[in-house]
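Protein sequence lines, in the order shown, are assigned to chains Y and B.
Per the working numbering, the first sequence starts with residue 1, numbered consecutively.
Per the working numbering, the second sequence starts with residue 1, numbered consecutively.
Quick notes on the structure that follows.
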Amino acid sequence: MNRMGRTGLAGAGVLAVAALVALVAPLLIDADSLDVTRVTAQAWQPPGAGHWLGTDHTGRSVALLMAQGTGTSLFVGLTAAVLSVGIGTLVGIVSGHFGGLLAGTLLRVTDFFLVLPALVLAIALSTVLPRGLGTIVLAIGLTSWPSTARMVRAQTLTIEARPFVERARALGGGHGHVIARHVVPSVVPLVLVNATLAVASAIVAESTLAFLGLGDPTRISWGAMLHQAQLHGAVPQQAWWYLLPPGLAIVVVVLAFTLVGRALEAVVTPKR
Amino acid sequence: MRLAGRFGGAALSLLMVAVLGFFLFRVVPGDPVVSMTRGRPSTAAMQAELRAQFGLDRPLHEQFWSYFTSLLQGDLGTSFTFRRPVSDVILERLGPTLLLVGTATLIAVLLGLWLGVRAAWRRDSVFDKVTTGVSLTLWAVPTFWLGMLLMMVTGDLFPSRGMRDTDTAPDFVSQALDVGHHLVLPSVTLVAVVCAEYALVMRSSLLEEMHAPYLTTARAKGLRDDLVRRRHAVPNAVLPAITLVFLRFGLVVAGAITTETVFSWPGLGLLFYDALTGPDYFLLQGLLVVTAGAVVVMNLLADLLHGVLDPRVKVV
Chain Y
1 MNRMGRTGLA GAGVLAVAAL VALVAPLLID ADSLDVTRVT AQAWQPPGAG HWLGTDHTGR
61 SVALLMAQGT GTSLFVGLTA AVLSVGIGTL VGIVSGHFGG LLAGTLLRVT DFFLVLPALV
121 LAIALSTVLP RGLGTIVLAI GLTSWPSTAR MVRAQTLTIE ARPFVERARA LGGGHGHVIA
181 RHVVPSVVPL VLVNATLAVA SAIVAESTLA FLGLGDPTRI SWGAMLHQAQ LHGAVPQQAW
241 WYLLPPGLAI VVVVLAFTLV GRALEAVVTP KR
Chain B
1 MRLAGRFGGA ALSLLMVAVL GFFLFRVVPG DPVVSMTRGR PSTAAMQAEL RAQFGLDRPL
61 HEQFWSYFTS LLQGDLGTSF TFRRPVSDVI LERLGPTLLL VGTATLIAVL LGLWLGVRAA
121 WRRDSVFDKV TTGVSLTLWA VPTFWLGMLL MMVTGDLFPS RGMRDTDTAP DFVSQALDVG
181 HHLVLPSVTL VAVVCAEYAL VMRSSLLEEM HAPYLTTARA KGLRDDLVRR RHAVPNAVLP
241 AITLVFLRFG LVVAGAITTE TVFSWPGLGL LFYDALTGPD YFLLQGLLVV TAGAVVVMNL
301 LADLLHGVLD PRVKVV
């Protein structure tokens, strides 16, 4: 197996572990140990016996917070990516398949959102909408679809120029037939690659929004932990055990998604 | 004709920015006054007065028209938290951001392009593997976290808050040195994140040129490897990379918001943070319109620049 395949496999392994933690953590962790009003341990404890990753500013175990936050980060990353790639695929196929005013308008809108800084729009959206997990997913999903749309549109145009599509049309195949039988199967691999990479950027985007205080206040996520760490002065207190784990977890998971995405990309678009 | 098209497209985009700014903040959130007074005691009469003050009691099309005509005159409304015109507040914060973003972009472009060229020219060498690996990792690193880490690791070596100390001597040299000292950590943070992207872009751009026939010709003429790279490959490969640098200006904007928040750098990014914690809708709307407008203009510049630099692209 080549290098790309090996790193992709390693990435997939990391993701399997993260998914396992996300599924098991809520079942094993006692809700009381994450309740600020009920914790008994001292605040700002460095790693040691009992708390092998130390405690945060309220005395909660950083290790437990990390495990509990895995689910939120993965959930937001996955759902936002599905939303973003879903919109992108729909817009891409429609603007590639149908010509005329509709395609022109869609293309114009796509290009417009493509150049705008997605984070700025996501910040604006999550400020005006009520705080919550759904808002973050919407804010990320609604602002990150244009690159997928461009790619899917290009692929749609390429495939529709091929003789077998012309043949299908000549035999009386309508829009629905051409899209369902020829366009969709040809864009699926591309869309899968895009979705994997989209999860990576969605997780970073979630952590950034949470860090800016726009996250769901009732949920623990890695970004929200870093928000709290910044707010309560983990940096001046040199509380590395509070600062390192959430950031490292984000980097590792995002890198894993990126590596899997690149490995898939290498499979889908073979080198000439 | 194409040139007119480009300008027309940019003008249309700017119009869409204005429309987006209006609808995002006036239609989506329901009643801005309710959010403005959230957490503060307010009577129905006070809310009605606020509504009248901001013109929110008028029909939507009238609101849009007055918003749009004021926008054309550079009037972005009044900030709720600063109690001053939004345009004044934004202008005041522009300088520090330009300094930070300018410094970081310049270093990131030079460093990123150099790394990309080196990596692509010796593909699969140790240098290439390290550069690509580090770039991919940095791409996965949240900007704000990198800033916090740098701050913790360097300890008291560099100031970590603001742009200048209050007790610095007022003469130009000591002021400049002080600002430079404060600039180190924020710009290193911003460079690290942005530079990774540029290196990857430059690398793939040069890799596309690697098997071009003109390079074989250059080598057949007996040119040294070094000259083939500098005189033939890089000038061709750098064009799309430079355009992409301009196109990804949005990336720098996003990086500036989190970097300035972490380091309390008194620029537009920190203003963004202040506006969203308020929340100060008019300030946020003004910032959205200004940054999005700046990105649109940068894109137009990229288009025009590409046409000037690369005669193969016909813009005019």
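Here a beta-carbon is modelled for each residue, glycine too, at the ideal position from N, C-alpha and C.
Next on the checklist: Taking DSSP's pairing of strands, which residues face T78 of chain B in a bridge?
Outcome noted: The residue labelled residue 78 of chain B in the question sits at position 78 within the second sequence. In the DSSP output, where bridge partners are listed per residue, T78 of chain B has B:P85.
Next on the checklist: Mapping the DSSP letters down to three states, classify S61 of chain Y as helix, strand or coil.
Outcome noted: Counted from its first residue, the first sequence places residue 61 of chain Y at position 61. The answer is strand: DSSP assigns S61 of chain Y an E or B state.
Checklist entry - Counting along the chain, where does the alpha helix (DSSP H) carrying S187 of chain B start and finish? => result Walking along the second sequence from the start, residue 187 of chain B turns up at place 187. From DSSP, the alpha helix (DSSP H) with S187 of chain B extends over 172-209.
Checklist entry - Are G215 of chain Y and G223 of chain Y touching if we call contact CB-CB under 8 Å? => result As a working note, residue 215 of chain Y is residue 215 in the first sequence. As a working note, residue 223 of chain Y is residue 223 in the first sequence. In contact: G215 of chain Y and G223 of chain Y (Cβ atoms closer than 8 Å).
Next on the checklist: Just to confirm my understanding: we take S79 of chain B, look at its own chain, exclude 5 residues before and 5 after, and list those with CB closer than 7 Å. What are they?
Outcome noted: For the purposes of this step, residue 79 of chain B is taken as residue 79 along the second sequence, with counting starting at 1. Only V86, V89, D280, F282, L283 meet the Cβ criterion.
Checklist entry - Around the Cβ of F144 of chain B, are there at least 16 other Cβ atoms within 10 angstroms (buried) or fewer (exposed)? => result As a working mapping, residue 144 of chain B is identified with position 144 in the second sequence. F144 of chain B comes out buried.
Checklist entry - Can you tell me the Cα-Cα spacing of S160 of chain B and H182 of chain B, whole angstroms? => result Within the second sequence, numbered from 1, the residue matching residue 160 of chain B stands at position 160. Within the second sequence, numbered from 1, the residue matching residue 182 of chain B stands at position 182. Cα to Cα, S160 of chain B sits roughly 7 Å from H182 of chain B.
Next on the checklist: When you compare the CB of V14 of chain Y with every CB in chain B, is at least one pair closer than 8 Å?
Outcome noted: Position 14 of the first sequence, counting from 1, holds the residue named residue 14 of chain Y. Taking Cβ atoms only, chain B never reaches closer than 8 Å to V14 of chain Y, which makes this a no.
Next on the checklist: Among the candidates B:V188, B:A212, B:L100, whose CA atom is the shortest distance from the CA of V234 of chain B?
Outcome noted: Along the second sequence, one-based indexing puts residue 234 of chain B at 234. With distances taken between Cα atoms, V234 of chain B lies closest to B:A212.
Next on the checklist: So, does the region 33-47 of chain Y touch the region 165-175 of chain Y, judging by three or more C-beta pairs under 8 Å?
Outcome noted: no
Checklist entry - Which term fits A48 of chain B, buried or exposed, when burial requires 16 or more other beta carbons within 10 angstroms of its beta carbon? => result Here residue 48 of chain B corresponds to residue number 48 of the second sequence, with the count starting at 1. So A48 of chain B ends up on the exposed side.
Checklist entry - For T189 of chain B, which residues of its own chain have a beta-carbon under 7 Å away from its beta-carbon, when the five flanking residues on both sides are left out? => result For the purposes of this step, residue 189 of chain B is taken as residue 189 along the second sequence, with counting starting at 1. Closer than 7 Å at Cβ, skipping near neighbours: T143, L146, G147, L150, T259.
Checklist entry - So the alpha helix (DSSP H) W145 of chain Y belongs to, where does it begin and stop? => result For the purposes of this step, residue 145 of chain Y is taken as residue 145 along the first sequence, with counting starting at 1. That residue, W145 of chain Y, is in no alpha helix (DSSP H); it is neither H nor E in DSSP.
Item to check | Secondary structure of T143 of chain B, DSSP reduced to three states | outcome: Counting from 1 along the second sequence, the entry for residue 143 of chain B is found at position 143. Helix.
Item to check | Interface flag, W44 of chain Y vs chain B, CB-CB below 8 Å | outcome: In the first sequence, the residue the question calls residue 44 of chain Y occupies position 44. No, because no Cβ of chain B sits closer than 8 Å to the Cβ of W44 of chain Y.
Next on the checklist: I'd like to know if the region 115-126 of chain Y and the region 139-146 of chain Y are in contact, where contact means that at least 3 CB-CB pairs between them fall below 8 Å.
Outcome noted: yes
Checklist entry - Got a sec? Which residues, its chain only, sit under 8 Å from L215 of chain B by beta carbon, not counting five neighbours each side? => result For the purposes of this step, residue 215 of chain B is identified with residue 215 of the second sequence, where counting begins at 1. Counting only Cβ-Cβ distances below 8 Å, and skipping sequence neighbours, we find E209, V228, H232, A233.
Item to check | Residues of its chain near A263 of chain Y, where Cβ-Cβ distance is below 8 Å and the 5 sequence neighbours each way are ignored | outcome: Position 263 of the first sequence, counted from the first residue, corresponds to residue 263 of chain Y. Same-chain partners within the cutoff: M4, G5, T7, G8, L9, G11.
Next on the checklist: Within 10 Å of its beta-carbon, does W52 of chain Y have 16 or more other beta-carbons around it, so buried, or fewer, so exposed?
Outcome noted: Indexing the first sequence from 1 puts residue 52 of chain Y at position 52. By the 10 Å Cβ count, W52 of chain Y comes out exposed.
Next on the checklist: Which residue marks the beginning of the alpha helix (DSSP H) containing V165 of chain Y, and which one marks its end?
Outcome noted: As a position in the first sequence, residue 165 of chain Y is number 165, starting the count at 1. Looking at the DSSP string, the run of the alpha helix (DSSP H) that includes V165 of chain Y is 163-170.
Item to check | Integer Cβ distance of G92 of chain Y from T148 of chain Y, believed to fall under 8 Å | outcome: Stepping through the first sequence from its first residue, residue 92 of chain Y is reached at position 92. Stepping through the first sequence from its first residue, residue 148 of chain Y is reached at position 148. Correct: roughly 7 Å between the Cβ atoms.
Item to check | Endpoints, the alpha helix (DSSP H) within which T258 of chain Y is located | outcome: Looking up residue 258 of chain Y in the first sequence gives position 258. 240-268 is the span of the alpha helix (DSSP H), which, as asked, contains T258 of chain Y.
Checklist entry - Can you list the residues of chain Y that N299 of chain B reaches, using a CB-CB cut of under 7 Å? => result Numbered from 1 along the second sequence, position 299 holds the residue referred to as residue 299 of chain B. Going along chain Y in sequence order, the residues near N299 of chain B (Cβ under 7 Å) are V115.
Checklist entry - In terms of alpha-carbon separation, which member of Y:S95, Y:A266, Y:S221 lies closest to A205 of chain Y? => result By 1-based counting over the first sequence, the position of residue 205 of chain Y is 205. When only C-alpha atoms are compared, the closest one is Y:S221.
Checklist entry - Are the Cβ atoms of A119 of chain B and T137 of chain B separated by less than 8 Å? => result Here residue 119 of chain B corresponds to residue number 119 of the second sequence, with the count starting at 1. Here residue 137 of chain B corresponds to residue number 137 of the second sequence, with the count starting at 1. Cβ atoms of A119 of chain B and T137 of chain B: not closer than 8 Å.
Item to check | Closest by C-alpha distance to V187 of chain Y, when choosing among Y:G104, Y:V235, Y:V115, Y:V268 | outcome: Working through the first sequence from its first residue, we reach residue 187 of chain Y at position 187. Of Y:G104, Y:V235, Y:V115, Y:V268, the residue nearest in Cα terms is Y:V268.
Checklist entry - How long is the line joining the alpha carbons of L251 of chain B and V115 of chain Y, rounded to whole angstroms? => result Looking up residue 251 of chain B in the second sequence gives position 251. Looking up residue 115 of chain Y in the first sequence gives position 115. Going from the Cα of L251 of chain B to the Cα of V115 of chain Y covers about 10 Å.
Item to check | Whole runs of the alpha helix (DSSP H) within the region 213-291 of chain B, excluding any shorter than 4 residues | outcome: 213-220, 234-247, 249-263, 268-277
Checklist entry - In chain B, which residues lie with their C-beta within 7 Å of the C-beta of R127 of chain Y? => result As a first step, residue 127 of chain Y must be located in the first sequence, where it is residue number 127. The question names Arg, but residue 127 of chain Y in the sequence shown is Thr. Near T127 of chain Y (Cβ distances below 7 Å), the residues of chain B are L276, P279, L284.
Item to check | Pairwise C-alpha distance: A52 of chain B and A124 of chain Y | outcome: One-based indexing of the first sequence puts residue 124 of chain Y at position 124. One-based indexing of the second sequence puts residue 52 of chain B at position 52. Cα to Cα, A124 of chain Y sits roughly 24 Å from A52 of chain B.
Checklist entry - W265 of chain B touches chain Y at which residues, Cβ-Cβ below 7 Å? => result For this step, residue 265 of chain B is matched to residue 265 along the second sequence. Within chain Y, no residue comes near W265 of chain B; the closest Cβ sits about 15 Å away, beyond 7 Å.
Checklist entry - Going along the chain, which residues of its own chain have a beta-carbon closer than 6 Å to the beta-carbon of E67 of chain Y, five neighbours each way excluded? => result Position 67 of the first sequence holds residue 67 of chain Y. One detail in the question is off: residue 67 of chain Y reads as Ala in this sequence, not Glu. Cβ within range, chain order: V21, A25.
Checklist entry - Checking contacts by CB at 8 Å: is F272 of chain B closer than that to chain Y? => result Position 272 of the second sequence, counted from the start, is the residue given in the question as residue 272 of chain B. Yes, F272 of chain B counts as interfacial toward chain Y.
Checklist entry - Whose C-alpha, out of Y:Q238, Y:L64, Y:V39, Y:S61, is nearest the C-alpha of G155 of chain B? => result Reading the second sequence from its first residue, position 155 is the one you call residue 155 of chain B. Ranking Y:Q238, Y:L64, Y:V39, Y:S61 by Cα distance to G155 of chain B puts Y:Q238 first.
Next on the checklist: If you reduce the DSSP assignment to three classes, tell me which class T55 of chain Y lands in.
Outcome noted: Within the first sequence, numbered from 1, the residue matching residue 55 of chain Y stands at position 55. Strand.
Next on the checklist: Check whether chain B comes within 8 Å of S207 of chain Y, counting only Cβ atoms and requiring the distance to be less than that.
Outcome noted: If you number the first sequence from 1, residue 207 of chain Y lands on position 207. So, interface residue.
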